[in-house]
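Following the working numbering, the numbering of the sequence shown begins with 11 at its first residue and continues without gaps. What follows is a single structure, written as structure tokens, with notes after it.
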Amino acid sequence: MKIWKKLSIVGMALLLVVSAGFFVTACGKKDYNKIELNEVTHSIFYAPLYVAMNQGFFEDEGLTVTLTNGGGSDTSMSALLTGSADIILAGPETVVYTQQEGVADKPVVFGQLTTCDGSFIVSKEDDQNFTLADLVGETIIGGRQGGLPAMTLQYIIENSGYTIGTGADEINLRTDVAFNLTASVWEGDSTVKYCTLFEPTATNIEKEGKGFVVASLGEISGSIPYTCFAAKESYLEDHSDVAEKFLRAVAKGYDYIISNDSETVAKALLPSFEGNTIAELQVAVEQYTLISAWSSDMILTEASFNNLMNVMLNAGVITETSNWEDIVDNTLATKVHKEVA
């Protein structure tokens with residue numbers, strides 16, 4: 011594993027842990043029904059969560075959720091390790107990294123939200139008949155090195171018979187750009203034709219006339235545990251009732267989406283995406299529904315986890331696999347699914 015990766019997660023956590031501890035002490039006893047949730051980014055890809063928030067499903071469970079944006083999985087994980095977040099929504103690869111680095115109170119995945127890559131390839135040209143072959147000889151910004159978006163794209167490229175590199179017959183996959191800076195770097199660099207973006211950013215780029223959405227990576231990649239809810243092992247042991255209520259509210263959000271038309275869902279999402287119109291949100295909802303982006307049961311299976319291990323091994327960010335049962339605890343997700351099924 012890269013040294014910078016260790017520093018970005020565990021190192022950041024050590025730098026912040028003193029201040030986090032002071033905050034808890036100064037504020038007195040914590041109310042665990044008030045959940046601090048840190049999301050890796052803000053995207054319609056996570057629609058069941060926002061529907062649950064906006065429709066009052068968390069309040070129905072007696073919970074108050076405060077949402078903050080990490081702008082990257084390493085920052086979200088640091089928030090969890092320091093205690094500034096109770097739960098994070100991030101790629102499960104970050105849990106793998108952190109457990110392999112060795113932490114006393116390890117993070118554990120307790121619910122899966124999305125089941126595939128939720129990003130879209132955006133081009134500066136209107137490539138109506140786009141295929142992966144169009145990337146040959148071009149540059150694409152695919153996310154941060156070690157992050158699941160970049161690793162999934164690398165896996166797709168290499169398993170489709172193409173080579174990553176800077177040659178004329180290769181695909182130049184850039185992984186040197188921070189996740190939340192992808193769009194701005196792509197816009198400002200005339201030598202880069204392609205990038206990958208999530209909704210609503212992809213739609214906003216197209217609306218502004220700066221680019222064109224030409225492909226869904228979720229359709230190409232197939233099933234992979236892309237984003238999950240994770241918490242410390244101690245939190246899940248001591249506050250399993252709270253974590254269960256949290257998942258139940260998200261499950262209600264998912265049920266709302268599949269039980270209503272896209273316009274109704276878009277209206278439920280609008281408070282979380284006030285910069286977008288109902289029509290734009292509706293398009294994004296339909297795109298994600300089309301690729302079955304959301305987990306119907308929030309259970310991360312061993313087979314799906316093994317797909318993640320293959321992606322990470324292929325990217326060279328790990329040299330040995332982790333055990334599914336060490337990373338994932340489906341107890342609460344299974345219980346909630348039985349209740350709502």
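Positions of the beta carbon are idealized from the N, C-alpha and C atoms, including for glycine.
According to DSSP, is residue i helix, strand or coil?
| i | result |
| --- | --- |
| Met49 | Correcting the residue type first, residue 49 is Glu in the shown sequence and not Met. In the structure shown, Glu49 sits in a strand (DSSP, three-state: E or B). |
| Asn79 | strand |
| Asn190 | helix |
| Thr206 | strand |
| Ile267 | helix |
| Lys44 | strand |
| Glu349 | helix |
| Thr35 | Residue placement at Thr35 cannot be trusted, given a pLDDT of 42 that sits under 50; what the coordinates show is reported in the next sentence. DSSP places Thr35 in helix when its eight states are reduced to three. |
| Ile328 | coil |
| Leu99 | strand |
| Phe222 | strand |
| Ile309 | coil |
| Phe130 | strand |
| Thr108 | helix |
| Leu246 | helix |
| Gly198 | helix |
| Thr141 | coil |
| Glu284 | coil |
| Asn4 | This structure cannot settle anything about residue 4, because the visible part of the chain is limited to 11 through 351. |
| Gly93 | coil |
| Arg258 | helix |
| Leu26 | For Leu26, the pLDDT reaches just 45, beneath the cut-off of 50, and the residue's location in the model is therefore unreliable, leaving the point undetermined. |
| Asn316 | helix |
| Asp251 | helix |
| Asp84 | helix |
| Glu229 | helix |
One question on the structure: do residue i and residue j come within less than 8 Å of each other, judged by their Cβ atoms?
| i | j | result |
| --- | --- | --- |
| Val61 | Ile267 | yes |
| Arg154 | Thr104 | no |
| Gly128 | Phe222 | no |
| Gly80 | Val50 | yes |
| His249 | Tyr42 | yes |
| Ile328 | Gln110 | yes |
| Asn190 | Gly82 | yes |
| Thr123 | Leu227 | In the sequence as presented, Thr is not what sits at residue 123; that position holds Leu. In this structure, Leu227 does not lie closer than 8 Å to Leu123 by Cβ. |
| Asn64 | Pro210 | no |
| Cys205 | Ile151 | yes |
| Ser231 | Cys126 | yes |
| Gly147 | Cys238 | no |
| Leu145 | Ile98 | no |
| Val106 | Ile337 | yes |
| Leu343 | Asp307 | The amino acid occupying residue 343 in the given sequence is Ala; Leu does not appear at that position. Yes, they are a contact pair. |
| Ala259 | Phe67 | yes |
| Thr192 | Thr149 | no |
Comparing C-alpha positions only, which one of the options sits nearest to residue i?
| i | options | result |
| --- | --- | --- |
| Met87 | Gly66, Gln65, Asn64 and Lys116 | Lys116 |
| Asn333 | Thr274, Pro102 and Arg184 | Pro102 |
| Ala188 | Ala278, Gln65, Thr176 and Leu207 | Leu207 |
| Asp136 | Val224, Glu209 and Thr108 | Val224 |
| Phe256 | Lys345, Asp199 and Lys220 | Lys345 |
| Ala294 | Ser272, His52 and Gly177 | Ser272 |
| Thr287 | Thr213, Thr85 and Gln122 | Thr213 |
| Lys262 | Glu197, Ala241, Ile167 and Trp304 | Trp304 |
| Gly93 | Gly285, Pro281, Asp265 and Ala240 | Ala240 |
| Ala57 | Glu254, Leu318 and Leu291 | Leu291 |
| Val119 | Ser302, Phe315, Ala89 and Glu330 | Phe315 |
| Ser133 | Ala289, Gly157, Ser244 and Glu216 | Glu216 |
| Asn320 | Ala100, Glu284, Met161 and Lys242 | Met161 |
| Glu247 | Lys277, Ser194, Ser233 and Asp339 | Asp339 |
| Lys44 | Ala95, Gly112 and Phe130 | Ala95 |
| Glu69 | Val252, Tyr236, Lys39 and Lys220 | Val252 |
| Lys40 | Tyr172, Ala114, Tyr245 and Leu318 | Tyr245 |
| Gly156 | Thr176, Asn139 and Thr108 | Thr108 |
| Glu229 | Leu59, Gln297 and Gln138 | Gln297 |
| Pro235 | Gly171, Met322, Gly198 and Val350 | Met322 |
| Ala100 | Ala114, Phe140 and Leu59 | Leu59 |
Locate the alpha helix (DSSP H) running through residue i, then write down its first and last residues.
| i | result |
| --- | --- |
| Leu291 | Ile288 to Leu300 |
| Tyr60 | Ala57 to Asn64 |
| Pro235 | Premise fails: Pro235 lies in the beta strand (DSSP E), Ser233 to Lys242, not in any alpha helix (DSSP H). |
| Ile166 | Leu158 to Asn169 |
| Ile215 | Thr211 to Lys217 |
| Ser272 | Ser272 to Leu279 |
At which residues does the beta strand (DSSP E) containing residue i begin and terminate?
| i | result |
| --- | --- |
| Gly121 | Pro117 to Cys126 |
| Phe68 | Unbroken run through Phe68 is the alpha helix (DSSP H), Phe67 to Asp70; no beta strand (DSSP E). |
For residue i, list the residues DSSP reports as bridge partners.
| i | result |
| --- | --- |
| Thr149 | Asn182 |
| Trp304 | Thr124 |
| Val113 | DSSP, once it has assigned bridges, lists no residue as partnering Val113. |
| Val338 | Val119 |
| Ile174 | Ile181 |
| Thr74 | Lys44 |
Can we count residue i as close to the ligand FMN, meaning its CB is less than 7 Å from some heavy atom?
| i | result |
| --- | --- |
| Ile337 | You won't find the ligand FMN in this model; it holds no ligand whatsoever. |
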